[in-house]
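Presented below is the structure to which this report refers.
Numbering (my numbering), first residue to last: 267 to 628.
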């Protein structure tokens, strides 16, 4: 956790914020066990409310700021305690023993897909047989271009929050583009750890799936111009630990269909944005009932209704319904549809999404 980000963003206790209290209580640094340059790698943050005094750990440079901290730690203890000091050959034996579908295999597969999508263009060993213009970074760049060409440019100035940042390339790109603080948040601790490690080591190391249970460890150095403006925290997009109106921009690449309540997400984003702040959301509407209850899907069901189950018209209504007077809220400014996004599964398989990109404004 960068001290500069902690001081600039002033996170508040998520327990107090989401238990009905009207007052916000800022967090303070309770203890520091390990520090690297201007980053706290291991330590504890404390709530300043004497009636609460909740504790939030900083692990591998990532502060975990969640109202349901106990359940999160319990459910993710494997990812939090996972070793990264084993030789590749030793790790492969463990993977073979655990077999397909294990927690270890799922973690490695997620890292393989997402880290490849974020950093493969920088890997000197990579043979890019897939179209690199179909990456999440390219979709972000199209979103930033869409924002800059939209009429009535926003006057909002300040930091950007990258919701569902994964292994962090989009957050880094935002910082380089805006020259302002960019904060990436996610709930996947393995990817946050990798992203945070890049800030300290300028090196990417991840398991790249070749086929089946066979993974090749890829390691390569990277250099970015504004890593000093970047940090990564574990936060819930539906319970953000920040004061209202803090951010000038919110970005969410493939997060809209990855939360329990997409409509709550829209409201959560609107609250932390400044008046006139921009939101860029890209979504393939790849709904999964284990993540988002069917009743909360924006389309993808009830094909007998007005939209015949289509997702895009439903989202347009949510962002354009003038009868909704609740503030703050997001309103549609511009959009692009059908943008290709390639996700590599292994050497012989990839998925191509068609993404809907939305520029909205508070």
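Note that beta-carbon positions come from the ideal geometry of N, C-alpha and C, so glycine has one too.
Skipping 5 residues on each side, what residues in its chain have a beta carbon closer than 6 Å to that of residue i?
i           : result
residue 617 : 609
residue 497 : 268, 271 and 449
residue 580 : 564, 565 and 573
residue 386 : 392
residue 485 : 471
residue 502 : 332
In whole angstroms, give me the CA-to-CA distance for residue i and residue j.
i           : j           : result
residue 383 : residue 401 : 6 Å
residue 640 : residue 441 : Within the shown structure, residues of the chain are numbered from 267 to 628, placing residue 640 beyond reach of any answer.
residue 565 : residue 594 : 24 Å
residue 376 : residue 506 : 24 Å
residue 289 : residue 283 : 8 Å
residue 334 : residue 624 : 30 Å
residue 535 : residue 389 : 34 Å
residue 519 : residue 302 : 30 Å
residue 471 : residue 286 : 42 Å
residue 619 : residue 464 : 27 Å
residue 500 : residue 452 : 5 Å
residue 380 : residue 433 : 7 Å
residue 545 : residue 359 : 44 Å
residue 611 : residue 479 : 12 Å
residue 299 : residue 330 : 16 Å
residue 511 : residue 427 : 12 Å
residue 559 : residue 578 : 18 Å
residue 469 : residue 523 : 30 Å
residue 295 : residue 306 : 10 Å
residue 326 : residue 320 : 20 Å
residue 492 : residue 438 : 7 Å
residue 532 : residue 596 : 7 Å
residue 339 : residue 323 : 10 Å
residue 481 : residue 457 : 17 Å
residue 552 : residue 316 : 43 Å
residue 562 : residue 537 : 20 Å
residue 276 : residue 513 : 12 Å
residue 466 : residue 435 : 15 Å
residue 431 : residue 571 : 34 Å
Quickly, what does DSSP pair residue i with across the bridge? List them, please.
i           : result
residue 426 : 448 and 515
residue 609 : 617
residue 600 : 625
residue 480 : 477
residue 313 : 293
residue 471 : 485
residue 268 : 305
residue 500 : 330 and 452
residue 300 : 308
residue 402 : In the DSSP output, where bridge partners are listed per residue, residue 402 has none listed.
residue 278 : 292
Tell me which same chain residues have a C-beta within less than 7 Å of the C-beta of residue i, skipping the five on either side of it?
i           : result
residue 369 : 344
residue 621 : 405, 548, 549, 550, 605 and 607
residue 342 : 455
residue 575 : 565, 566, 567, 568 and 569
residue 354 : 483
residue 297 : 309 and 310
residue 602 : 408, 412 and 623
residue 447 : 271, 274, 425 and 495
residue 416 : 599, 600 and 625
residue 280 : 331, 332, 333, 505 and 507
residue 490 : 438 and 442
For residue i, which residues in the same chain have their Cβ closer than 8 Å to its Cβ, ignoring the five residues on either side in sequence?
i           : result
residue 541 : 422, 511, 594 and 628
residue 278 : 290, 291, 292, 293, 507, 508 and 509
residue 346 : 325, 339 and 455
residue 371 : 361, 364, 365 and 479
residue 688 : Here the chain comprises residues numbered 267 to 628, so residue 688 is not present and cannot be evaluated.
Legend entry - Every unbroken alpha helix (DSSP H) within the segment 511–588, with a cutoff of 4 residues, ordered by chain: Segments of the alpha helix (DSSP H) lying fully in the segment 511–588: 528–538 and 578–586.
Inset, instruction - Tell me the start and end of each unbroken alpha helix (DSSP H) in the segment 321–382 that is at least 4 residues and wholly inside, in chain order. - result: The qualifying runs are 335–341, 343–347 and 354–364.
Inset, instruction - Give a yes or no on contact between the segment 305–319 and the segment 470–484, applying the rule of three or more CB pairs nearer than 8 Å. - result: No, because fewer than three Cβ pairs between the segment 305–319 and the segment 470–484 fall closer than 8 Å, the two stretches do not touch.
Inset, instruction - Count the CB pairs spanning the segment 434–453 and the segment 350–359 that are closer than 8 Å, and state whether there are at least three. - result: Short answer: they don't touch.
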